[in-house]
Amino acid sequence: FTFPLPTNIGRESEVLDLLITESKTYALIAGHGIYELIWVADRLQFLTVNDTPIIAEAATYAVSILKGELWVATLDRGIVIVDTSDGTTRQITAGPGNLDLPSNSISSIFHDEGATWVGTGKGLSITLDGGRTFHNYSDFIEGLSDTQVYSINKSQDDTYWIGFINGLVQARTSIVTPISRNNSNLLSNTVNGIFVSEDGVLWLATDVGGSYQP
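Sequential numbering from 1238 applies to the sequence shown in this note's numbering.
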């Protein structure tokens, strides 16, 4: 099934990300904003959630949800958070301090048990207080680099998987194991997406195809 975008959005506009919750489906559309998708008489309708300039003019990349707030990752303006109850927004941008977001280039946001993991242009950041402060990890000694983090996920054995432009990192508690073509049969060192299926299979989207590991 194919559903064209409304004319007021533009039929050729790019749908960057889809977010499916238990009750609602959201679409992030480049150059426009966030829309809720609903069915009306067998037709797909786009209801505006937020199309303010702070989102419409940003290089938006992905969207996730946490306690009724939509977290929008942008490649140029940090994180934009939209309250779904009233549509209001707040923005988190990079700063010079040790507890600030290290980069305005955000390509992945993963919410997990009180912590939010953020993939930035300068390594991995974790916030425990909803984005007020960040703990930043970009030290080679820790097994992490200060390059773009593209994807973050967690498997059922509480292992975190972090995909960089130059490899994959496997982390459990304080143990960090970098994985790349140098020590595995990973198809490419650029890991664009990570998905863990219900049967415990790790799927990786790379620049030259898909890799998987039970």
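For glycine and all other residues, C-beta sits at the position ideal for the given N, C-alpha and C. All values reported here derive from a predicted model rather than from experimental measurement.
Chain-order list of residues whose beta-carbon lies under 8 Å from that of residue i (same chain, five-residue window excluded)
i	result
S1392	W1398, V1433, G1437, L1439
G1305	D1320, T1321, S1322
E1350	none
Rounded distance between the beta-carbons of residue j and residue i, thought under 8 Å
i	j	result
V1317	A1295	7 Å
L1381	Y1374	5 Å
A1352	L1365	5 Å
Cut-off 6 Å between Cβ atoms - residues of its own chain near residue i, not counting five sequence neighbours on either side
i	result
V1332	In the sequence as displayed, the identity of residue 1332 is Gly instead of Val. Excluding positions up to five away in sequence, the list is empty.
S1425	T1443, D1444, V1445
L1405	I1416, V1428
G1270	N1287, D1288, I1292, A1293
S1342	L1312, G1358
E1251	A1267
S1340	A1331, T1357, G1358, K1359
Q1450	L1439
N1245	none
R1409	T1396
G1400	Y1387, S1388, V1428, I1431
Cβ pair residue i, residue j closer than 9 Å
i	j	result
I1257	L1242	no
Y1272	L1307	no
G1356	Q1385	yes
G1315	T1325	no
S1344	A1278	no
F1371	S1301	no
A1218	T1297	In this structure the chain extends from 1238 to 1451, so residue 1218 is not present and cannot be described.
L1338	G1368	yes
One or two residues paired with residue i in a DSSP bridge
i	result
R1418	Beta-bridge pairing links R1418 to no other residue.
R1280	V1277
G1430	A1442
L1255	A1264
T1285	Y1272
G1447	A1442
Other residues of its chain near residue i: CB distance less than 7 Å, five sequence neighbours each side excluded
i	result
S1448	L1423, L1424, L1441
F1240	L1281
Q1407	T1396, W1398, T1414, I1416
Any non-hydrogen atom of the ligand MN closer than 8 Å to residue i Cβ
i	result
L1253	As for the ligand MN, it is missing from this structure, which has no ligand bound.
Runs of beta strand (DSSP E) wholly within the segment 1346-1405 (minimum 3 residues, chain order): 1352-1357, 1360-1364, 1372-1374, 1386-1391, 1397-1401
Return the chain-ordered ranges of every alpha helix (DSSP H) run that is complete within the segment 1287-1348 and spans a minimum of 4 residues. 1290-1293
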